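Input: a single structure, listed below in structure tokens.
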Amino acid sequence: MPTKRFKAVIPAAGLGTRFLPATKAMPKEMLPVVDKPAIQYVVEEAANAGIDDILVIIGRNKNAISNHFDSVPELEVKLREKGDDARLLRVLESSDLADIHFVRQGEPKGLGHAVLRARAHVGDSPFAVLLGDDLIDERDELLTTMMAEHERTGAAIIALMEVDPDHIHMYGAAAVEETGTDDVVRVTGLVEKPAKEDAPSNLAIIGRYVLGPEIFDVLEHTEPGKGGEIQLTDALQVLAADPEGPGVYGVVFRGRRYDTGDRVDYIKAIVQLASDRDDLGPELRPWFKEFAATL
Ligand code: UTP
């Protein structure tokens with residue numbers, strides 16, 4: 027377990043346009059994945075990695091997220107009166123995961139801009155960034171490996187995943203060199219959402235980062251890039267290109283990941299997670315088989 031005191035930052039202020047109209051009045055991070063909102067899985071992941079101070083960057087519709095992590099005394103009283111201990115426990119758990127703070131991103135000017143909003147809260151700590159709509163299956167290890175790599179190198183650490191070259195234009199892509207350690211690479215260059223023919227590799231940046239506070243100075247000077255947004259990828263490219271600094275390393279993730287901001291991936295996440303669960307799987311799996319046979 028890493029020894030530094032890491033904080034976590036969860037950007038959840040995007041517009042979620044791919045999920046309209048569901049995201050008209052509700053942030054996409056609050057869409058339920060089986061019976062928990064996506065962002066609760068992300069908060070649980072940070073808490074399971076030993077992080078107890080979490081800052082969520084919220085946008086419009088902010089109340090839904092902050093209310094979710096608050097206690098709801100009248101609901102607790104009702105469940106207690108009914109003797110529904112299992113549900114009571116699940117409600118209590120969601121408001122007792124970590125010390126959760128909120129800050130607003132006035133306008134959604136990009137992920138880099140959202141992360142910069144964390145500066146005052148994070149101060150001089152190293153911190154993890156976990157995108158609020160990107161789920162890493164809790165059975166697969168990623169964040170603690172990244173935190174340990176940060177402690178070892180002092181570098182910015184990004185999570186990378188091999189994707190179909192036809193999909194690389196939807197991600198940041200990394201040019202990398204081997205390090206001699208399996209699934210840890212040195213990042214020599216980064217480009218946000220490249221065309222397939224311009225991509226330096228099919229290694230895509232996914233929604234986990236472990237950063238030092240020096241990223242904030244870079245973000246202060248990062249101009250809007252792809253899509254007119256201030257891109258975290260562009261700030262990381264500055265660190266990767268700095269010969270004086272510790273650079274940027276990538277941890278290649280080969281486990282299960284769901285981008286719940288994408289409709290198809292969102293449905294896959296629900297099907298996979300529900301069918302693996304002891305309480306729902308036994309009833310669902312035979313139905314999935316029957317249904318698949320009709321396709
Ligand atoms: P996305 O690009 O997936 O979010 O950002 P989006 O813009 O909401 O999505 P679409 O394309 O319109 O559907 C990745 C993460 O960064 C956050 C989002 O909430 C998401 O968790 N984000 C993005 C911010 O917090 N602020 C921003 O200005 C942009």
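27 is the number of the first residue of the sequence shown in this note's numbering; add one for each residue after it. The beta carbon of each residue, even a glycine, is placed where N, CA and C say it ideally should be. Because the structure is a prediction, the values reported are computed rather than measured.
query: Classify residue 214 as helix, strand or coil using the three-state DSSP reduction.; result: strand
query: With residue 91 as the anchor, note down where its alpha helix (DSSP H) starts and where it stops.; result: 88-94
query: Write down every uninterrupted run of the beta strand (DSSP E) in the segment 263-288 whose length is 3 residues or greater and which is fully enclosed by it, in chain order.; result: 274-278 and 283-285
query: Could you give the C-beta distance for residue 248 and residue 85, rounded to a whole number, given that I count them as a contact under 8 Å?; result: About 20 Å separates the two Cβ atoms, so there is no contact after all.
query: Among the candidates 69, 228, 75 and 286, whose CA atom is the shortest distance from the CA of residue 83?; result: 69
query: Count the other C-beta atoms from every protein chain shown that fall within 10 angstroms of the C-beta of residue 33, then say buried if there are 16 or more, exposed otherwise.; result: buried
query: Sorted by chain position, which residues of the same chain lie with C-beta nearer than 7 Å to residue 48's C-beta, five sequence neighbours on each side aside?; result: 57
query: In this structure, does DSSP put residue 159 in helix, strand or coil?; result: coil
query: Pop quiz: residue 256 and residue 158 are said to be a contact at Cβ under 8 Å. What is the actual Cβ separation, rounded to whole angstroms?; result: Not confirmed; about 18 Å, so no contact.
query: Compute the Euclidean distance between the alpha carbons of residue 73 and residue 191, then round it to the nearest angstrom.; result: 34 Å
query: Nearer than 7 Å: is that true of the beta carbon of residue 140 relative to any heavy atom of ligand 1?; result: yes
query: Could you name each continuous alpha helix (DSSP H) segment of 4 residues or more that falls completely within the segment 136-207, going from the start of the chain to the end?; result: 137-142, 145-148 and 169-179
query: Could you say which of 291, 308 and 310 lies nearest to residue 45 if we only look at CA atoms?; result: 291
query: In its own chain, which residues sit with a C-beta less than 7 Å from the C-beta of residue 202, not counting the 5 before and 5 after it?; result: 211, 212, 213, 214, 227, 229 and 276
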